[in-house]
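**Q** Top to bottom, those sequences are chains S and L.
Under our numbering, the residue at position 46 of the first sequence is numbered 305, and the numbers go up by one with no gaps.
Under our numbering, the residue at position 60 of the second sequence is numbered 432, and the numbers go up by one with no gaps.
Where a beta carbon is used, it is the ideal one built from N, C-alpha and C, also for glycine.
Submitted below is the structure of interest, expressed as structure tokens.
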Amino acid sequence: MFDKTLAELAQGLEAGEFSSTELTQSYLDQINQQDTQFNSYITVTDELALEQAKAADAARAAGNAQPLTGVPIAHKDIFCTQGVRTSCGSKMLDNFIAPYQSTVAEKFNQAGTVTLGKTNLDEFAMGSSTESSFYGATKNPWDTSRVPGGSSGGSAAAVAAKLAPAATGTDTGGSIRQPASFCGITGLKPTYGRVSRWGMIAYGSSLDQGGPMTRTAEDAALMLNVMAGFDPKDSTSMDKAVPDYTATLNNPLKGLRIGVPKEYFSDGLDAGIAAAIQAAIKQFESMGAVIKEISLPRTDLAIPSYYIIAMAEASTNLSRYDGVKFGYRCDNPENLEDMYLRTRAEGFGEEVKRRIMIGTYALSAGYYDAYYRKAQQLRRLIKDDYTQAFEQVDVIMGPTTPTQPWTLGAKENDPVSMYLEDLYTISVNLAGLPGMTIPCGLVDNLPVGLQVVGNYFDEALLLNIGHQFQLATDWHTKSAV
Amino acid sequence: MSLDSSDVKNIAALARLKVDENDIPAYTENLSNILDLVDKMQAVDTSNVEPLANPLDATQRLRADDVTEPNQREQLQTVAPATEAGLFLVPKVIE
Numbered sequence: 260m261f262d263k264t265l266a267e268l269a270q271g272l273e274a275g276e277f278s279s280t281e282l283t284q285s286y287l288d289q290i291n292q293q294d295t296q297f298n299s300y301i302t303v304t305d306e307l308a309l310e311q312a313k314a315a316d317a318a319r320a321a322g323n324a325q326p327l328t329g330v331p332i333a334h335k336d337i338f339c340t341q342g343v344r345t346s347c348g349s350k351m352l353d354n355f356i357a358p359y360q361s362t363v364a365e366k367f368n369q370a371g372t373v374t375l376g377k378t379n380l381d382e383f384a385m386g387s388s389t390e391s392s393f394y395g396a397t398k399n400p401w402d403t404s405r406v407p408g409g410s411s412g413g414s415a416a417a418v419a420a421k422l423a424p425a426a427t428g429t430d431t432g433g434s435i436r437q438p439a440s441f442c443g444i445t446g447l448k449p450t451y452g453r454v455s456r457w458g459m460i461a462y463g464s465s466l467d468q469g470g471p472m473t474r475t476a477e478d479a480a481l482m483l484n485v486m487a488g489f490d491p492k493d494s495t496s497m498d499k500a501v502p503d504y505t506a507t508l509n510n511p512l513k514g515l516r517i518g519v520p521k522e523y524f525s526d527g528l529d530a531g532i533a534a535a536i537q538a539a540i541k542q543f544e545s546m547g548a549v550i551k552e553i554s555l556p557r558t559d560l561a562i563p564s565y566y567i568i569a570m571a572e573a574s575t576n577l578s579r580y581d582g583v584k585f586g587y588r589c590d591n592p593e594n595l596e597d598m599y600l601r602t603r604a605e606g607f608g609e610e611v612k613r614r615i616m617i618g619t620y621a622l623s624a625g626y627y628d629a630y631y632r633k634a635q636q637l638r639r640l641i642k643d644d645y646t647q648a649f650e651q652v653d654v655i656m657g658p659t660t661p662t663q664p665w666t667l668g669a670k671e672n673d674p675v676s677m678y679l680e681d682l683y684t685i686s687v688n689l690a691g692l693p694g695m696t697i698p699c700g701l702v703d704n705l706p707v708g709l710q711v712v713g714n715y716f717d718e719a720l721l722l723n724i725g726h727q728f729q730l731a732t733d734w735h736t737k738s739a740v
Numbered sequence: 373m374s375l376d377s378s379d380v381k382n383i384a385a386l387a388r389l390k391v392d393e394n395d396i397p398a399y400t401e402n403l404s405n406i407l408d409l410v411d412k413m414q415a416v417d418t419s420n421v422e423p424l425a426n427p428l429d430a431t432q433r434l435r436a437d438d439v440t441e442p443n444q445r446e447q448l449q450t451v452a453p454a455t456e457a458g459l460f461l462v463p464k465v466i467e
């Protein structure tokens with residue numbers, strides 16, 4: 260049962276092979292028995308899940324089933340779930356029982372899915388390893404001495420360890436794609452504005468985007484069908500029709516123009532990863548795609564631009580954690596100033612504090628133009644690179660990450676070396692484009708991810724490409740457990 | 373771009389973060405390293421480039437100025453650290 264994809268589980272429920280209650284109970288038992296090894300969940304919502312499963316079985320019996328009715332999934336603990344603790348991996352929100360529902364969680368509830376629990380993440384989604392969580396690091400199911408990637412490392416590990424058939428994630432600079440790549444699963448970051456950010460705890464508001472983390476591209480299409488769409492509650496949500504993402508999965512790829520940026524195959528790229536990516540691109544060529552070398556000349560400016568923008572937005576977003584209306588408050592504050600200072604010092608972890616301080620500096624008087632404005636100007640140049648590339652090609656392919664998952668703790672005291680790991684994913688967020696990762700190889704028995712970047716709102720094409728690749732290859736079926 | 377310990381103290385004060393004196397050297401080093409990483413931005417001439425705030429160049433959508441939210445004070449105050457009579461309690465501000 261744990262080997263089945265979301266699509267197969269939906270079929271099984273429809274055919275009456277098992278009930279949602281049976282399926283949900285099996286997953287809950289599996290989580291309770293296995294997750295001590297991985298720490299992929301922060302909160303397991305047993306009672307809620309069984310309640311939702313019962314309601315799903317009743318809906319199906321009454322003839323009211325939708326495509327995903329009764330299928331269990333997990334949510335990254337960054338999506339507010341009403342009545343359930345929503346911690347964002349931080350001591351600051353350890354006591355925060357969300358009083359409202361995020362749009363994404365609400366859409367899944369409306370679609371009849373079952374919530375197994377809330378998955379682990381880097382504190383406030385700030386990290387690439389899920390080690391900065393207040394609830395301890397998540398371990399990579401392929402090798403528990405290694406990181407699962409981050410920040411959506413709990414969702415990636417849960418799917419890879421078969422403790423959830425699918426999960427939600429969020430991606431500010433690669434936080435869906437990098438952990439999906441490290442854990443050998445499929446992950447999609449949609450176009451900025453495609454999925455509502457309402458109730459998704461903010462990190463970098465002009466970069467954050469929610470998306471699916473699944474075993475297959477087909478499952479990602481099923482998830483995105485639920486998640487995508489206009490939301491009046493999110494002022495950056497785009498009012499644009501949502502296609503049925505499953506309808507175009509079987510389109511042929513003949514004539515597809517694939518751009519391969521030469522800058523993505525520079526010195527920093529692991530040789531084993533480079534070989535796996537080249538082999539995957541060859542596979543597409545054999546399926547009728549046309550390969551073209553392209554250039555994204557400002558690639559090396561993406562890291563500085565991204566970190567200034569993300570940290571500046573983070574410092575602004577996280578100013579709300581002041582101990583007044585919700586979340587942690589320090590004991591016995593002497594006065595208001597003391598309450599702010601100690602609440603934030605005690606409630607935030609080290610990486611979050613570092614980012615708040617850099618962001619504060621970049622926005623402070625006298626430095627704004629040199630840092631924040633400059634970073635936004637570079638952001639436009641990076642976007643222009645992509646615009647020019649998409650005049651020649653339909654999608655861009657390359658590695659998702661420059662290296663394979665590192666050993667837990669290896670980059671703990673060296674934040675800069677961790678930031679450099681995000682080289683291939685962050686420019687996609689700066690430009691607001693959709694990006695997907697699919698498993699395309701194993702090197703030293705650790706998974707390698709192929710990143711496919713599309714033009715604005717071309718999620719259907721990305722999923723089509725992913726599905727066709729997964730029909731022709733079996734990398735996505737390789738299992739960590 | 374290197375910071376010194378007084379810069380770090382100033383930034384921490386602006387960010388409303390209490391930083392232990394013992395931790396100042398580590399912050400100084402880490403924050404300076406991060407600023408070194410971003411310093412290569414300065415080498416690029418961007419004098420005629422319009423800053424990009426929203427990746428789709430979208431502007432903020434406006435809505436009619438109608439009341440749409442119901443009063444949820446009680447529900448929202450269930451997660452507050454301290455309340456009394458519908459008010460959020462904080463340490464005394466005015467002597």
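Give a yes or no on whether the minimum CB-CB distance between Glu456 of chain L and chain S is below 8 Å.
**A** By this cut-off, Glu456 of chain L is not an interface position.
**Q** So which of L:Val439, L:Leu389 and L:Asp411 has the shortest CA-CA distance to Tyr626 of chain S?
**A** Of the listed residues, the one whose Cα sits closest to Tyr626 of chain S is L:Asp411.
**Q** On the three-state DSSP scale, how would you describe Leu282 of chain S?
**A** In this structure, Leu282 of chain S counts as helix in the three-state DSSP scheme.
**Q** Would you say Ser387 of chain S touches the ligand PLP, meaning its beta carbon is less than 7 Å from a heavy atom?
**A** As for the ligand PLP, it is missing from this structure, which has no ligand bound.
**Q** What residue from L:Pro453, L:Gln449, L:Thr431 and L:Phe460 has the CA that sits closest to Met497 of chain S's CA?
**A** Checking every option, the nearest Cα to that of Met497 of chain S belongs to L:Thr431.
**Q** Along the chain, where does the beta strand (DSSP E) that runs through Glu552 of chain S open and close?
**A** Where Glu552 of chain S is concerned, the enclosing beta strand (DSSP E) stretches over Val549 to Ile553.
**Q** Could you tell me which whole alpha helix (DSSP H) segments of length 4 or greater appear in the region 594-675 of chain S?
**A** Entirely contained in the region 594-675 of chain S, the alpha helix (DSSP H) runs reaching 4 residues are, in chain order, 595-606, 609-622 and 633-648.
**Q** Grab the span of the beta strand (DSSP E) containing Gly518 of chain S for me, first residue to last.
**A** Here the beta strand (DSSP E) through Gly518 of chain S covers Arg516 to Pro520.
**Q** Rounded to whole angstroms, what is the Cα-Cα separation between Asn399 of chain S and Ile697 of chain S?
**A** When rounded, the distance between both Cα atoms is 17 Å.
**Q** If you draw a straight line from the C-alpha of Thr378 of chain S to the C-alpha of Ser554 of chain S, how long is it?
**A** Computed Cα separation, rounded: 37 Å.
**Q** With DSSP run on the structure shown, which of helix, strand or coil describes Glu467 of chain L?
**A** The answer is coil: DSSP assigns Glu467 of chain L none of H, G, I, E or B.
**Q** Suppose you measure from the CA of Leu595 of chain S to the CA of Ile466 of chain L; what does that come to, to the nearest Å?
**A** Distance between the alpha carbons of Leu595 of chain S and Ile466 of chain L is about 10 Å.
**Q** Can you tell me the Cα-Cα spacing of Ala320 of chain S and Pro674 of chain S, whole angstroms?
**A** Between Ala320 of chain S and Pro674 of chain S, the C-alpha separation is close to 53 Å.
**Q** Please list the partners that Leu689 of chain S has in chain L, where partner means a Cβ-to-Cβ separation under 9 Å.
**A** Under the 9 Å cutoff, chain L gives Leu424 and Pro427.
**Q** Report the start-end ranges of each beta strand (DSSP E) in the region 347-380 of chain S that is 3 residues or longer and not cut off at the edges.
**A** Fully enclosed beta strand (DSSP E) runs of 3 or longer: 373-378.
**Q** Counting C-beta neighbours from all protein chains within 10 Å, is the total for Thr646 of chain S 16 or more, i.e. buried, or is it exposed?
**A** Label assigned to Thr646 of chain S: exposed.
**Q** Which residues of chain S have a Cβ atom closer than 9 Å to the Cβ of Asn405 of chain L, listed in chain order?
**A** What Asn405 of chain L touches in chain S: Asp673, Pro674 and Val675.
**Q** Strictly by DSSP, which residues pair up with Arg344 of chain S?
**A** DSSP lists S:Ile356 as partners of Arg344 of chain S.
**Q** Using Cβ-Cβ distances below 9 Å, what residues of the region 533-567 of chain S are close to chain L?
**A** Per Cβ criterion, the list reads Arg557, Asp559, Leu560, Ile562, Pro563, Ser564, Tyr566 and Ile567.
**Q** Check the C-beta distance from Pro438 of chain S over to Gly409 of chain S and give it rounded, since I have them as a contact under 8 Å.
**A** The pair is a contact, with the Cβ atoms about 6 Å apart (cut-off 8 Å).
**Q** How many whole angstroms separate the CB atoms of Ala308 of chain S and Thr374 of chain S, which I take to be in contact at a CB cut-off of 8 Å?
**A** About 6 Å separates the two Cβ atoms, so the contact holds.
**Q** Tell me which residue opens and which closes the alpha helix (DSSP H) that Lys335 of chain S is part of.
**A** Run containing Lys335 of chain S: none in the alpha helix (DSSP H); it sits in the beta strand (DSSP E), Pro331 to Lys335.
**Q** Count the C-beta pairs between the region 503-522 of chain S and the region 650-660 of chain S that are closer than 8 Å, then say yes if the count reaches three, no if not.
**A** Segments in contact, yes.
**Q** Please check if any C-beta of chain L sits within less than 8 Å of the C-beta of Ser686 of chain S.
**A** No, Ser686 of chain S lies away from the interface with chain L (no Cβ there is under 8 Å from its Cβ).
**Q** Under a Cβ-count criterion, where at least 16 other Cβ atoms within 10 Å of its own Cβ denotes burial, should Asn443 of chain L be classed as buried or exposed?
**A** Exposed, since its Cβ has fewer than 16 Cβ neighbours within 10 Å.
**Q** Do the region 498-510 of chain S and the region 716-730 of chain S meet, that is, are 3 or more Cβ pairs less than 8 Å apart?
**A** In short, these stretches touch, since the Cβ pair count reaches three.
**Q** In this structure, does DSSP put Tyr566 of chain S in helix, strand or coil?
**A** If DSSP states are grouped into helix, strand and coil, Tyr566 of chain S belongs with the helices.
**Q** Under 8 Å, CB to CB, which of the residues in the region 628-652 of chain S have a partner in chain L?
**A** Within the region 628-652 of chain S, the residues whose Cβ lies closer than 8 Å to some Cβ of chain L are Ala629, Tyr630, Arg632, Lys633, Ala634, Gln635, Gln636, Leu637, Arg638, Arg639, Leu640 and Lys642, listed in chain order.
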